[in-house]
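Novice: Residue numbers (this note's numbering), protein chains in the order written: chain A, 1 to 358; chain B, 1 to 358; chain C, 1 to 358; chain D, 1 to 358. Yeah, the Cβ is synthetic: ideal placement off N, Cα and C, and Gly gets one too. Okay, here's the structure, questions in a sec.
4 protein chains.
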Amino acid sequence: MKYKVAALHELRKPFKIEEFDLPEVSGEQVLVKTAGCGLCHSDLHIWLGEVAVAPRFPLVLGHEPSGYVAAKGGGVPESIRVGMPVLVNGGYYRRENIYSLRGANQLADLEAQMWAGGIHVGCYAEYFLVPSYRYLVPAEGLEDLDKASVLSDAGLTPYRAFKHAMAILQARQYAEPGDIVVVVGVGGLGIFGAQYVSRLAPHLDLVLADVRDEALEFAGKFARPLALINARRENPLEAIKKTAHDRKVVAVLDFVGSSKTVSTYIKALSPGGVYVLIGLAEPEATIPIFDTVAQEYAVLGSLWGSIGDLYEVAGLAKRGLVDYRGVVTKRWRLDEINEAFMQMEKGTQLGRMVVSFS
Amino acid sequence: MKYKVAALHELRKPFKIEEFDLPEVSGEQVLVKTAGCGLCHSDLHIWLGEVAVAPRFPLVLGHEPSGYVAAKGGGVPESIRVGMPVLVNGGYYRRENIYSLRGANQLADLEAQMWAGGIHVGCYAEYFLVPSYRYLVPAEGLEDLDKASVLSDAGLTPYRAFKHAMAILQARQYAEPGDIVVVVGVGGLGIFGAQYVSRLAPHLDLVLADVRDEALEFAGKFARPLALINARRENPLEAIKKTAHDRKVVAVLDFVGSSKTVSTYIKALSPGGVYVLIGLAEPEATIPIFDTVAQEYAVLGSLWGSIGDLYEVAGLAKRGLVDYRGVVTKRWRLDEINEAFMQMEKGTQLGRMVVSFS
Amino acid sequence: MKYKVAALHELRKPFKIEEFDLPEVSGEQVLVKTAGCGLCHSDLHIWLGEVAVAPRFPLVLGHEPSGYVAAKGGGVPESIRVGMPVLVNGGYYRRENIYSLRGANQLADLEAQMWAGGIHVGCYAEYFLVPSYRYLVPAEGLEDLDKASVLSDAGLTPYRAFKHAMAILQARQYAEPGDIVVVVGVGGLGIFGAQYVSRLAPHLDLVLADVRDEALEFAGKFARPLALINARRENPLEAIKKTAHDRKVVAVLDFVGSSKTVSTYIKALSPGGVYVLIGLAEPEATIPIFDTVAQEYAVLGSLWGSIGDLYEVAGLAKRGLVDYRGVVTKRWRLDEINEAFMQMEKGTQLGRMVVSFS
Amino acid sequence: MKYKVAALHELRKPFKIEEFDLPEVSGEQVLVKTAGCGLCHSDLHIWLGEVAVAPRFPLVLGHEPSGYVAAKGGGVPESIRVGMPVLVNGGYYRRENIYSLRGANQLADLEAQMWAGGIHVGCYAEYFLVPSYRYLVPAEGLEDLDKASVLSDAGLTPYRAFKHAMAILQARQYAEPGDIVVVVGVGGLGIFGAQYVSRLAPHLDLVLADVRDEALEFAGKFARPLALINARRENPLEAIKKTAHDRKVVAVLDFVGSSKTVSTYIKALSPGGVYVLIGLAEPEATIPIFDTVAQEYAVLGSLWGSIGDLYEVAGLAKRGLVDYRGVVTKRWRLDEINEAFMQMEKGTQLGRMVVSFS
């Protein structure tokens, strides 16, 4: 049996829609029939050759999937049933180590190139093979399953970042009601970040910063921001200070990750504040040593999310605490993928786009 | 009644030994007869005019004190007795806020200029006035009380830094027995840092790095380092990797805090590792965004220590778990303070020096 | 100058309204003109002689105050202004120790009998003296300041309990969206407990349990309970199980604290669940050893709240996240205090009552 | 091919040495050639019929194993090599859930009866089958591998309990150097508990309590106890108070778990102290509600240990921080197992016994 795939044979060239043979499943493996595959800028970076991993061609990209269990190996428990809707955590790892044993599978084995597409799932395809049922998260109750695919990365990554920030704030106990969290960069991920702050930390206030008015406005609809700051038009530090008045800025979630965002927004933090880096726009950033020490800042990197984190994100979505359907503003068919990538490269689309198979 | 003080009337000029009037004590105030006052590079930086705080002259420096209660105000509890040996936490703050209420008095009110010497105690003097008995830590059982003065900063600051690192490691649970902590910079503070790692985290191994062989050797006597790395003679990253072999580097305690130390040693960290910044050698440092995110590094600033932290340091010293007497390699008399500062500026002295009043 | 006080000269006898001389204030002391003083069952227990502390007569009870700064000693900072509205944390302690230094003033010195009324503030009076401005929490922006008095205990105690529970859940990370917290006992404190769960932990669901239908219904209006369980009419464990279905019960907040509540509701917990004891209805409780071990339960006592906790509660109230005005269902005048105590002893009043001075 | 097994066909009857067929291995399974199998009282309780799990006969007990990889299925990674020495965590679970995803596999699926012997591994046999390589912990460098078997339970269980206690103490920060941990019950597990306190928490002091002088003396050799308390001969509370003098008792690790131990030793705790329950001697215990609340005690159950915990225990053993060889005081051959159980029932053996296959 055959299935359609968007295959890449050379970087920076168009994808070709080809037919592959459906793989056999054995052991813990699960074959998933794709419902949706979110279009993520990481794929664009790979396509552009900006990622240091040597690709094996034909390359099948896509790591933000949802789908239905189509077939399962003999080592898969009964609770995983054929036809069951699932999200999939693509943080596949080769062997147990202290990270996987502590529930951080996505940190477990960074060099791993287990599957087509480097670290990727390969869901720009009608089917994709998951190495173990352990990476599946039940998705019953999630409407528009194709759109729910974005939870597997765009929804997941900010959730872990948010939890990192909250864990520091909870341990230090310096944050007071009304204190402020700044979300920097309100693209696909930032919109989710804003939602988590507004809905899961109601004692804190939210400020959104970006360089695009329309993105700020769009993101603002998903949360309850105190202020929208266009860092191109106004001095963001002054704008934050004005908004904050006598309240503290206890956390920044930086979904851009450029030299400029880091060196700018870290200065907004109050003593004991936490700066979470998620974006990867540039290779390096400069931090102020004196302020970091004298104000005991915590600068934390946050990577994607673990399987356990994805369980929680799915749970929040089922509970109506995360709006993912509104975030997805465009559905593409698989054979439109080249057009979709061009659109992604332009960077003007608000929210998130998916390749939909429904 | 009069007492002797090393007074500064102009930056970068010699101290003059002068006589001041003993102040009256009232309320919660306590007058302490100085036993020792540790010579700290922060004083040198103030003296050199490198600190942005506008000094009020005559300036009395010194913020690493030990001494005996000499007089107390009416609002001081009975448990504080005249003659009692004490350490003093110089993190005086003006009014309660969320930081002091959460036990981080040294973060409470950074702009405070309550006393002669900016944020300083002013213990280069036969007596000094403490604004409240709350800053005193009982020091019974600490031999050589003049030397014990170094616990109030050189012993305290690395302890808080060590606790910051351990809290992250404890929460994440990625550290395994035999994993490594690197102490960068083994001057007065680094020697204490090395002791805390060796004695309070016996499941971890220790590597010391510096650019001076004699400092490395001296520090090595206080701990059980796996390796001494002279970063001037060998590539420190390679040396660490060779020493670590298949073990992880889970933490770096950086007592230098230069652009070079940060950008070098952060690369030694394993995923989930923690980099604690304590030193303030330079204003800025560059961190790698990709590694920080992809490996979920935590970069934490750590400032001095709270009163509660100093209680714990004093307890460790009483228990024989911190050697402070060996760290103090030179005692000066108050009237030798100019010579002492010249020696400090040269930077060749191993360990820590104190002005001793005994 | 004189002020009116409800003085007790013998246990179990009526209070007498008497006039006392206004005290002088000195040092850090602050005299507060009472706005409201919440009627708390602890006062009733003292009045009934059920508390092991030997009272000194005349006894002035009342430890849940709000008011206005009327006078201040010379050691009180400028930021505390005469006329300023305040809440007061009554956890006065005699001297610093590790508990106060770590921000848990209410644990610092349990035997303390510093003031009239044992551990109590003595706010059944027109004025009361606070030993230090440090116990004051600014209350600007809190409407109906007399009613806001209930935040100082009825609002504070459940907040700390809630935070204890959340800290364990956050550290363990077993709780999933939709999991359940059971609040047992929905008197004055339980209503606040229910509010914190509903508003600050929106990812969790809430179940209320009590033995009074009208109390359940009243409390239910302040939160979004999934179910109201009358433990007198139905088997509470079965009712919880039915409500929870396939979701876990991750925490119980027990505001009753009887042998029966503990041994009943602890069985509802899922593995890793946390049982917070707040109520003191009976001296002892029986816990199942096997379940506690095999399911790694955490049973935590929680006492009142610290000054820092009260800052946060005041902040939540200002932010509209805690409804205290609706909780106060009855205002008494000071000269009605005997009637008020009789009403409290009957136990039929819903919500909380205050003695109001406005 | 055949292998020898100590098979039980009826409770409370002698084991019979029988020959079973070696199983095929497939998928993630690993066949382990037993080196040692620790004799644990849990086995005795099953044998006596005191455990509520309905056994399936023939029953093969033993859940504290060490051994060598003998064969592996096709789904086992290369890093698991035939001949490799291993410890095995017997906390097998059927399917992922939030507990396994958060690294607490031993909590994941309590009802599981996957293998011969209920929740047990079945290592009273020359070989035993492990359902997945994930339960294996590399044991290179552990001398006397048969004796190292005791690390898989007797060494593991107290380690997790110790970590539970330390996590609370670290979060609360009330413990000061010189404060005391009491280990109650110094049988096989308690000796390990004492070691962890002495070696991994050198800032704390240790008190051992038991009802047998010879057990106290034996255990005392593995640690640095401040006092040995025979609770049969002296009032343990008074003895602890006398030893503690002005220091706090911050934790109790109770390896007995009887009504008496809990109600006795909980009273020794200082405010904020933690009581960890590990032993299961009796079904219920009574705790004092007032003290638990007013002193904010934490009572925590602790169950066995996770795979990650066993990694750490193995690491500590390799590092010489846990003495397991001295704890094993007797080796039995498999055909002596009935004699061994009689000896275990007598309860006079100090330390731990193993069935050895070397």
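Indicate whether at least one CB of chain C lies closer than 9 Å to the CB of Asp291(D).
Specialist: Asp291(D) counts as touching chain C.
Novice: Considering just the uninterrupted stretch of the beta strand (DSSP E) at Asp210(C), what are its terminal residues?
Specialist: That run of the beta strand (DSSP E) goes 205–210.
Novice: How many Å lie between Gln113(A) and Val327(C) at the Cα?
Specialist: The predicted model places Gln113(A) with a pLDDT of 40, which falls under 50 and marks its position as unreliable, so this point remains unresolved.
Novice: Residues of chain A with a CB under 7 Å from the CB of Glu176(C): which are they?
Specialist: By Cβ distance, chain A contributes Tyr311, Glu312, Gly315.
Novice: Assign Leu334(B) to one of three DSSP states: helix, strand, or coil.
Specialist: Residue state, collapsed to three classes: helix.
Novice: Leaving out the 5 sequence neighbours to the left and right, which residues in its chain are closer than 7 Å to Val69(C) when beta-carbon positions are compared?
Specialist: Result list for Val69(C): Val30, Val32, Ile80, Arg81, Val82, Gly83, Met84, Val86, in chain order.
Novice: Between Glu140(D) and chain C, is the shortest Cβ-Cβ distance under 9 Å, so that the two count as touching?
Specialist: It does not; no Cβ of chain C falls within 9 Å.
Novice: Ordered along the chain, which non-local residues of its own chain (more than five positions away) have a Cβ less than 6 Å from that of Ala285(B)?
Specialist: Result list for Ala285(B): Ser259, Val262, in chain order.
Novice: Compute the distance between the beta-carbons of Pro288(C) and Ile266(C), then report whether it is under 9 Å.
Specialist: For Pro288(C) and Ile266(C), yes; Cβs fall inside 9 Å.
Novice: Considering only C-alpha positions, which residue in the set Leu300(D), Asp335(D), Asn97(D), Ala125(D) is nearest to Met166(D)?
Specialist: Minimum Cα distance to Met166(D) is reached at Leu300(D).
Novice: Step through the CB atoms of chain A and report whether any lies within less than 9 Å of the CB of Lys248(C).
Specialist: No, because no Cβ of chain A sits closer than 9 Å to the Cβ of Lys248(C).
Novice: Along the chain, where does the beta strand (DSSP E) that runs through Tyr127(B) open and close?
Specialist: Taken as a continuous stretch (DSSP letters only), the beta strand (DSSP E) holding Tyr127(B) covers 127–130.
Novice: For Leu200(C), return the contacting residues in chain B, with the cut-off set at a CB-CB distance below 8 Å.
Specialist: What Leu200(C) touches in chain B: nothing, since even the nearest Cβ is about 17 Å away.
Novice: Closest Cβ-Cβ distance between Leu101(C) and chain A: below 9 Å?
Specialist: Chain A contact via Cβ: absent.
Novice: Quick one: grab the DSSP three-state call for Ala116(D).
Specialist: Unreliable placement is indicated for Ala116(D), whose pLDDT of 38 sits below 50; the coordinate value is still reported in the next sentence. Ala116(D): coil per DSSP, three-state reduction.
Novice: Is Glu28(A) close to chain D, meaning its C-beta is less than 9 Å from at least one C-beta of that chain?
Specialist: It does: the Cβ of Glu28(A) has a partner Cβ on chain D nearer than 9 Å.
Novice: Using only the alpha-carbon positions, how far apart do Trp115(C) and His41(C) sit?
Specialist: Reliability fails at Trp115(C), whose pLDDT of 39 lies under 50, so the model's placement of it is uncertain and no value is given.
Novice: Can you tell me whether DSSP reads Lys260(B) as helix, strand or coil?
Specialist: Correct three-state label for Lys260(B): helix.
Novice: Could you check the C-alpha separation between Tyr104(C) and Ala161(A) for me, to the nearest Å?
Specialist: A small correction: the amino acid at residue 104(C) is Ala; Tyr does not occupy that position in the sequence shown. Their backbone Cα atoms lie some 30 Å apart in a straight line.
Novice: From the beta carbon of Gly308(C), is the nearest beta carbon of chain A less than 9 Å away?
Specialist: Chain A, which has a Cβ nearer than 9 Å to the Cβ of Gly308(C), makes this yes.
Novice: List, in order along the chain, the chain D residues whose C-beta lies closer than 7 Å to that of Pro55(C)?
Specialist: What Pro55(C) touches in chain D: nothing, since even the nearest Cβ is about 18 Å away.
Novice: Check Gly38(A) in the structure and name its three-state DSSP category.
Specialist: The answer is strand: DSSP assigns Gly38(A) an E or B state.
Novice: Hey, which unbroken runs of the alpha helix (DSSP H) at 4 residues or more fall wholly within the region 222–273 of chain D?
Specialist: Runs of the alpha helix (DSSP H) inside the region 222–273 of chain D: 236–244, 259–265.
Novice: Can you give the Cα-Cα distance for Lys248(C) and Asp254(B), rounded to whole angstroms?
Specialist: Looking at the two C-alpha atoms, the distance is approximately 44 Å.
Novice: Beta-carbon separation of Ala108(C) and Tyr93(C) under 9 Å?
Specialist: Against a cut-off of 9 Å, the Cβ pair of Tyr93(C) and Ala108(C) comes out as a contact.
Novice: Going by beta carbon distance, what residues of the same chain come within less than 8 Å of Leu226(C), once the five residues before and after it are set aside?
Specialist: Closer than 8 Å at the Cβ level, and outside the excluded window around Leu226(C), lie Ile180, Asp205, Leu206, Val207, Thr243.
Novice: Does any residue of chain B have a CB that is nearer than 9 Å to the CB of Ala167(D)?
Specialist: With 9 Å as the cut-off, Ala167(D) counts as an interface residue toward chain B.
Novice: Give me the residue from Ser66(C), Phe192(C), Val51(C), Leu48(C) with the minimum Cα distance to Asp323(C).
Specialist: Answer by Cα proximity: Phe192(C).
Novice: Check whether the Cβ atoms of Val252(B) and Val184(B) lie closer than 9 Å to each other.
Specialist: Yes. Within cutoff.
Novice: May I have a chain-ordered list of the beta strand (DSSP E) segments no shorter than 3 residues that lie completely inside the region 68–122 of chain A?
Specialist: Counting only runs of 3 or more, we get 85–88.
Novice: Should Gly347(D) go down as buried or exposed, given a rule of 16 or more other Cβ atoms within 10 Å for buried?
Specialist: With fewer than 16 Cβ atoms within 10 Å of its Cβ, Gly347(D) is classed as exposed.
Novice: Tell me whether the beta-carbon of Leu44(A) lies closer than 9 Å to the beta-carbon of Gly122(A).
Specialist: Not a contact, by the Cβ cut-off of 9 Å.
Novice: Would Gln173(A) pass as a contact of Ile98(B) if the rule is Cβ separation under 9 Å?
Specialist: In contact: Gln173(A) and Ile98(B) (Cβ atoms closer than 9 Å).
Novice: Out of curiosity, what's the CA-to-CA distance linking Phe128(A) and Arg95(D)?
Specialist: Phe128(A) and Arg95(D): Cα-Cα distance of roughly 22 Å.
Novice: Counting only beta-carbon separations shorter than 9 Å, does Ser79(B) have a partner in chain C?
Specialist: With 9 Å as the cut-off, Ser79(B) counts as an interface residue toward chain C.
Novice: Going by C-alpha distance, which of Arg224(A), Gly257(A), Leu303(A) is nearest His359(A)?
Specialist: Outside the shown range of chain A, which is 1 to 358, sits residue 359(A), and nothing can be said about it.
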